[in-house]
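Those sequence lines, one after another, are chains A and B. Read in numbering that gives the first Met the number 0, the first sequence has 176 at position 177, and its numbers run on one by one without any break. Read in numbering that gives the first Met the number 0, the second sequence has 77 at position 78, and its numbers run on one by one without any break.
Number of protein chains: 2
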Amino acid sequence: MHHKQTLMPANSQQSESNHPFSAEERQHAIGQLVQDEGRVVTQKLVTRFGVSRMTIHRDLDALAAAGLVRKVRGGAVPATDAIQPAAPRTATCAMCNLPVSDRSVMMIHSRSRGKLCACCPHCGLMMLGNLDDVEAALARDFLFGRMVNAFDASYVIDADVRLCCVPSTICFATAADAERFQRGFGGRVTTYATAQALLHAGHRKQL
Amino acid sequence: MHHKQTLMPANSQQSESNHPFSAEERQHAIGQLVQDEGRVVTQKLVTRFGVSRMTIHRDLDALAAAGLVRKVRGGAVPATDAIQPAAPRTATCAMCNLPVSDRSVMMIHSRSRGKLCACCPHCGLMMLGNLDDVEAALARDFLFGRMVNAFDASYVIDADVRLCCVPSTICFATAADAERFQRGFGGRVTTYATAQALLHAGHRKQL
DNA sequence: CGCGATTGTAACATAATGTAACATGAAGCG
DNA sequence: CGCTTCATGTTACATTATGTTACAATCGCG
């Protein structure tokens, strides 16, 4: 009796509700939604698909059991998503797909794309240059291992230490540290802005 | 429910445009804020997230329980030790009992005492000097993070980088790396034997 | 020092959400 | 036809997140 799809006016906005979904189709659609939007809200799925709260929960259970999503209170997020407070040890770089080294990791918080992980400042800076809704960006200071504001940090580019991607880009909390490192291992000490420009120029050159 | 979210338009009931924050996300955001800005003020979090004072307090309680922040009157500051939230930081140094930093860890295999963990080469070398049945000793190369044979490694003692115990003792896979590091950050480049002697001499002097 | 303002916290209330147990109705199958 | 199975709905209850209130603890200031 509550099956809205049978009662829907023809001009209804909720296109999906016009035809009844099989369980499989609905679950597949939910999985897509999670991937596309980063997060789904149970209550919205209830109205969107015109099924009961329990049914949505069962769908999410099935998706979670299949490892496709992770249930959170109120909805679900992508299984790979790292809303978790813990740093994703098994994460791969959102830019180059290499496994993320704990030593050089960068974390970027984008409003639209959530929490992104970069294997090293090279990839991290590239990503930052391509995002326009960054809420925060943190890079790991090479010397002390602390996370620092990526925009305030200093970087040594192309030092004789190849940690990850090339040209090697190493993050330091202070310009003084970067300079001392450069004295020993070469490379060029830059601010965030300069590093950003250099890396992007280098990549464009290749095109 | 009628709480006065003076900062947000009243029409946004649950809209993700303004407050996509579930409890989990909000706590995560707060944790990042603490790391990023060094300190957060409870009252500002209340207005920023549009939740009650109690809710913010509970968030901070949760973050503090997880060891991610330390509550202070009026807000929270980064937990001094916990830069890395996850990780098996259960290990403590067999010499000084400090939690073992993944960055500078040394592993010593003793026939009689089994596998011992040192927080840094300082403690590791001290332990090695006191053990007579060592099967193997590995230290983490500071530059690349690889484990190297502690007896073949080079060490920079008393550089201007205080990572763990004092006098700071930093391990490098090669003498060349140690020298380049010394060029920037000072200290003295030594072999295993020399570092060993220096550290023990320093400690005996205190007695 | 006392006093007011701010902050921390405990206790309770409430709404939203999660979940288990049972009911229903359709489809398939002997 | 009756039976089973499956997806779903309904109901009831547990759990969680949050707000509200009251009060204690602390700070700042005259």
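In this text, a Cβ means the ideal position worked out from N, Cα and C, and glycines have one as well.
CB contact below 7 Å: residue i versus chain B
i: Ala93 of chain A; result: no
i: Val68 of chain A; result: no
i: Phe184 of chain A; result: yes
i: Met126 of chain A; result: no
i: Asn129 of chain A; result: no
i: Ala135 of chain A; result: yes
Residue i versus residue j: straight-line alpha-carbon distance, rounded
i: Arg139 of chain A; j: Gly123 of chain B; result: 25 Å
i: Cys170 of chain B; j: Phe150 of chain B; result: 11 Å
i: Val76 of chain A; j: Lys70 of chain A; result: 6 Å
i: Gln26 of chain B; j: Glu36 of chain A; result: 20 Å
i: Ala135 of chain B; j: Lys114 of chain B; result: 9 Å
i: Ala65 of chain B; j: Ala78 of chain B; result: 10 Å
i: Cys119 of chain A; j: Lys43 of chain B; result: 32 Å
i: Met105 of chain B; j: Asp176 of chain B; result: 19 Å
i: Leu130 of chain A; j: Ala194 of chain A; result: 16 Å
i: Val188 of chain B; j: Val33 of chain B; result: 38 Å
i: Val45 of chain B; j: Arg161 of chain B; result: 37 Å
i: Arg62 of chain B; j: Arg102 of chain B; result: The sequence shown places Leu at residue 62 of chain B, rather than the Arg named in the question. Rounded to whole angstroms, Leu62 of chain B to Arg102 of chain B spans 24 Å at the Cα level.
i: Met146 of chain B; j: Met53 of chain A; result: 52 Å
i: Ala28 of chain B; j: Val50 of chain B; result: 14 Å
i: Val40 of chain B; j: Gly73 of chain B; result: 6 Å
i: Asp58 of chain B; j: Ala22 of chain B; result: 8 Å
i: Asp157 of chain A; j: Asp132 of chain B; result: 43 Å
i: Asp159 of chain A; j: Leu142 of chain B; result: 11 Å
i: Pro166 of chain A; j: Arg47 of chain B; result: 39 Å
i: Gln31 of chain B; j: Ala192 of chain B; result: 43 Å
i: Ala174 of chain A; j: Asp60 of chain A; result: 50 Å
i: Thr190 of chain B; j: Val155 of chain A; result: 28 Å
i: Lys204 of chain A; j: Leu197 of chain A; result: Since pLDDT at Lys204 of chain A reaches only 47, below the 50 mark, its modelled position is unreliable, and the value read off the structure follows with that caveat. Straight-line Cα distance between these residues: approximately 11 Å.
i: Val68 of chain A; j: Glu24 of chain B; result: 16 Å
i: Asn148 of chain B; j: Leu137 of chain B; result: 5 Å
i: His56 of chain A; j: Gly128 of chain A; result: 39 Å
i: Leu97 of chain A; j: Glu178 of chain A; result: 28 Å
i: Ser109 of chain B; j: Ala172 of chain A; result: 38 Å
i: Gly225 of chain B; j: Arg38 of chain B; result: In the structure displayed, chain B extends from 0 to 206; residue 225 of chain B sits before or after that span and is not available.
Under 7 Å from the C-beta of residue i: neighbouring residues of chain A
i: Leu142 of chain B; result: Val160
i: Ser153 of chain B; result: Under the 7 Å cutoff, chain A gives no residues; its nearest Cβ is about 13 Å from Ser153 of chain B.
i: Asp157 of chain B; result: By Cβ distance, chain A contributes nothing, its closest Cβ being about 15 Å from Asp157 of chain B, past 7 Å.
i: Ser21 of chain B; result: Val71, Arg72, Gly73
Cβ separation of residue i and residue j, assumed to be a contact under 8 Å, to the nearest whole Å
i: Met126 of chain A; j: Ile107 of chain A; result: 6 Å
i: Thr168 of chain A; j: His121 of chain A; result: 4 Å
i: Ala152 of chain B; j: Ala117 of chain B; result: Actually they do not touch by this definition, with Cβ atoms about 13 Å apart.
i: Ser100 of chain B; j: Cys164 of chain B; result: No, Ser100 of chain B and Cys164 of chain B are not in contact; Cβ-Cβ is about 10 Å, not under 8 Å.
Cutoff 7 Å: residue i Cβ touching any chain A Cβ
i: Ser103 of chain B; result: no
i: Asp35 of chain B; result: yes
i: Arg179 of chain B; result: yes
i: Ser167 of chain B; result: no
i: Gln12 of chain B; result: Low per-residue confidence applies at Gln12 of chain B: pLDDT is 31, beneath 50, and the placement is therefore not dependable enough to give any value.
i: His18 of chain B; result: The pLDDT assigned to His18 of chain B is 45, lower than 50, so where the model puts this residue is not dependable, and the model offers no usable value.
i: Leu198 of chain B; result: no
Proximal chain B residues relative to residue i, where beta-carbon distance stays under 7 Å
i: His108 of chain A; result: Gln31
Near the ligand COA: residue i beta-carbon under 6 Å from a heavy atom
i: Lys43 of chain B; result: By its list of ligands, the structure shown contains no ligand whatsoever, and the ligand COA lies outside what it can speak to.
Practice task
Would you check if there are 3 or more beta carbon pairs closer than 8 Å linking the stretch 183 to 198 of chain B to the stretch 174 to 182 of chain A?
Solution key: When Cβ pairs closer than 8 Å are counted between the two stretches, the stretch 183 to 198 of chain B is seen to touch the stretch 174 to 182 of chain A, the count reaching three or more.
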